[in-house]
Structure formats: structure tokens, C-alpha cells
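Notes to accompany the following structure.
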Amino acid sequence: MLVDPRFVGLAEQFFHLFRESHDGGGALAVYLHGEPVIDVWAGWSTRNERWRDDTVALSFSTGKGVASTVLHRLAQRGLIDYDTPVAAYWPEFAAAGKADITVRELMSHRAGLHRVRGLVPGRLGLMEQDRMVAALAAAAPDRRRMTTPGYHAVTYGSLAAELATRASGTPFTDLVRTEIAEPLGIPEFWYQVPAEERHRIAKVFPRINPFGVPWEATSFVLSRLPKLRDIADAGMPEGFDQLVRNPAIHDCVMPGWNGVFSARALARMYGALANRGNLDGVQFLQEDTLEQLSEVQVHARDYVLGINMDWRLGYHAAMVASRSQHPHAFGHYGLGGSGAFADPETGLSLAFVTNRMGNAVTPFADLRLPRLGANAESIAQRL
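This is the structure we're talking about:
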């Protein structure tokens, strides 16, 4: 474990989250100006096993930030241009009126392809990447995309992965390794988890069913309510509650939700983004690329989430539970509470992963990460 004396209070706050086995477990990692200052873990990875220093966690939408960073690495090498139509790299994408949708629009959730409910048939359809990609290429975009973003809760990962593969000619999992893991010197950026590493994955619990109501019933009801229909369409595909517990998901590439990471890996990646793209003397991203990826692309109410997200290119604003605003901080959080962010203004990056889904009321999210982030930002601002 690592605890910089200046961040002792943050470490204590983290340890208080995991006192009993029903609290599950988690890990917290923090970088400041490119240097690690916190690397701690606590709690239980299963009902009977303690969280270890090498435990990793299914982190859901946190993986969108990693997938987006792959695209930025390709962009700075000239393989992708943000203002070029996606169809220039992926010709089939031009179908159904999508010929002019740009990479910039796709990465800021303005492609109008949020619908995953019913996109491919069957409870295991999401695991068939080729089928998912073909269905997205053939789909007609939502017309609301012209005026407002709509969160691509599940589909974003498939779109980003296919775009990266088409533009580079390299399988997406290889890109994650060569563009993220190897330059950063840490392996735990996985969508397809190596068989010999799967014993390290913490067990997700207690459930992802909202309020304990059966998944299919909740999805059906929400899909019939005008103000909530888009949430069901974007994030509640058939059988998803069972799919997240299926070990076979670790054989697949579903970057919108099946990323498996360690907190230290995520903090290291965002640590580079918070430190002018530099980490350990390696220029991970150029400063002009960082300026583009962190710039707010759209300031409007997201028609799926119903709130203003200020989407960047693949990231959203850091959700920090603090009265003071952190306008330059960005990252990506995931279902259940995991997430990571970078703040170039303070030089801070923070990552939190956990297997305990949300709180006693809802599995979708809670205030653990925002509160940890607020404390970390407060410390960084005083230094």
C-alpha cells in the first residue's frame, strides 16, 4: 500500500467504506502531478475472500473512458480525424442516413444510436460483436441527435471499438494493449480478460435490479413511460442482469460496459491526462490532443439521462460532491459506483473500483466516488 502523508485523511475515508463483508470491497488510487500518492484497497472481493493488492473489478461504463483514450492515441498519429465522417473509415456506417455523422459527434453521444434494447435478438446477443456492429451500422439515427446528445450507454463501446479497428486495421484488444497498457507499463486494461487472470476478478453483488424488481419487468415498465423510455432503450437490454454474472462476458469485446481494471491502472492513465499528457518521462498524449479531448463539445440536456452532461470527446465532467466547481475535470463513471477522472488544473487523477453495486436503495450509483473525489480535490488545492 501507498499513502502519502498529505493524503492520510483520504485513505481513512476510503477504509471506512468497507467495514463488513456486506460492504464488499474496493481499491482507490490517486496521482498528483504524475506521481502516485495513494494506492490502497480494503474489504472483500467475495463473501469469503479479502480484496487483495492484485484484485480487479468489472467497472461497467468506466471502460468508455479507456476506449475513448485509444481513439485519441490514434488521432494524434493521424489515423483518425475528429471532423471526418465515421463512414470514411467504416463504409457500412453510412446506411440509413448516417453518412455525414462525424467522429466528433459519435464521441460526444450525438450519433443518435443510443438504442440497445431490441437491437440484437436473444439474451446473449450483446456478446456477438459482429452482430452488434452490423446492427449499429444498419440502424437509423434518432432525429434528436441534431439538437441534443443522447447517452449511448451500451452502444458507445461497440461503436468506438469498431471505429478504432477500421481506422487502424488492428483488433481492438490489441490496440488497448499497444496504445494504453504498454505505454503506461501496466497490464490491467482488459475487455477480454486472460484466462489465467480471471481468478483476480471481484464478484459483483448484491444485484443490479433496481429496487429488487425483476430486470425485465423494470425495463418493460420504463419503456412505456415517455420520460423514462430512453433510459430503458439505451441501458436495459434483455437479460442484462443475468449477463453481467456470466463468466463468458470476459471472452468478449464490449467496451461500453465489460471493462475489467485495477484502480492503479485507471489512475495511471488519467494521471497522464492530468499531467499535460506526460508520465514518467513518456509523452502519452500531446498537449494539443489533450486540449481537444477535454473541451466541452455540447452544452445541452441529454435526452437519455435527462440532465446536462457537458460531453467531451468520450468523457463527461467529473462528478465531485463539492460546492466548489471543477470545470476542467473530466473522466467516466460506471454503473455501481466505479470510475476515474483527471483534473489538469490541480494535476490530480483519481480512480475507484468496487464490487459493491451502489447502495441499499439503488444499484446504479451512489456518492462514494464523488465524496472521495471532493476530498482529494480539496487536498490538492491546498498543496
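If you read the sequence shown in the working numbering, its first letter stands for residue 2, the second for the next number, and so on. Glycine included, each C-beta is placed from N, C-alpha and C at the ideal position. Every value quoted in this text rests on a predicted model; they were computed, and no experiment measured them.
When DSSP assignments are scanned along the segment 87-126, the uninterrupted stretches of alpha helix (DSSP H) that are 4 or more residues long and fall wholly within it turn out to be 104-108. The three-state secondary structure of Trp52, taken from DSSP, is coil. Ser325 sits exposed, since fewer than 16 C-beta atoms from the chains shown fall within 10 Å of its C-beta.
Non-local C-beta neighbours of Ala68 in its own chain, meaning closer than 6 Å and more than five positions away in sequence, comprise Gly158, Ala161 and Pro256, ordered along the chain.
For Asp242, the CB contacts under 6 Å within the same chain, skipping 5 residues up- and downstream, are Ile209, Asn210 and Trp216 in chain order. Residue burial is scored here from C-beta neighbours: Met128 has at least 16 other C-beta atoms within 10 angstroms and is therefore classed as buried. Beta bridge pairing from DSSP links Tyr157 with no other residue. The residue from Gly10, Phe16 and Ile39 with its alpha-carbon nearest to that of Leu351 is Ile39. Note on geometry: alpha-carbon atoms of Arg51 and Met2 lie some 15 Å from one another. Distances from the alpha-carbon of Leu107 to those of Asn279, Gly26 and Tyr316 put Tyr316 closest. Listed in chain order, the beta strand (DSSP E) runs fully inside the segment 289-367 are 331-334, 340-344 and 349-355, counting runs of at least 3 residues. Counting the other Cβ atoms within 10 Å of the Cβ of Pro92 gives fewer than 16, which makes it exposed.
Under the three-state reduction of DSSP, Ile39 is assigned to strand.
Each of Gly340, Arg7 and Asn376 was checked against the Cα of Val57, and the nearest Cα belongs to Gly340.
Straight across, the Cα-Cα distance linking Leu114 with Pro6 is about 47 Å. The alpha-carbon separation between Pro238 and Arg383 amounts to approximately 45 Å. In the DSSP secondary-structure assignment, Tyr32 is bridged to Pro37 and Ser350. With a 10 Å radius around the Cβ and a threshold of 16 neighbouring Cβ atoms, Glu163 comes out buried.
For Tyr271, the uninterrupted alpha helix (DSSP H) run begins and ends at Ala264 to Ala275, by DSSP. Rounded to whole angstroms, the Cβ separation of Leu267 and Leu286 is 15 Å, and the two are not in contact under 8 Å. Rounded to the nearest angstrom, the Cβ distance from Val354 to Ser60 is 5 Å, consistent with a contact under 8 Å. Burial check for Arg74: the Cβ neighbour count within 10 Å reaches 16 or more, so the residue is buried.
Taken in chain order, the complete alpha helix (DSSP H) segments of 4 or more residues contained in the segment 180-263 are 216-224, 230-236 and 241-244. Shown here, Ala58 sits in a strand according to DSSP, grouped into three states. The bridge partners DSSP lists for Gln284 are Asn279. Under the criterion of beta carbons closer than 8 Å, Arg269 and Leu280 qualify as touching, at roughly 7 Å. Going by C-alpha positions, Phe342 is about 9 Å away from Gly66. Around the beta carbon of Leu368, fewer than 16 other beta carbons lie within 10 angstroms, which makes this residue exposed. CA-to-CA, the gap between Ala203 and Val254 works out to about 19 Å. In the three-state DSSP reduction, Leu3 falls in the strand class (E or B).
Shown here, Gly44 sits in a strand according to DSSP, grouped into three states. Asp344 counts as buried, since no fewer than 16 other beta carbons sit within 10 angstroms of its beta carbon.
Under DSSP, Gly26 takes part in a beta bridge, and its partners are Gly44.
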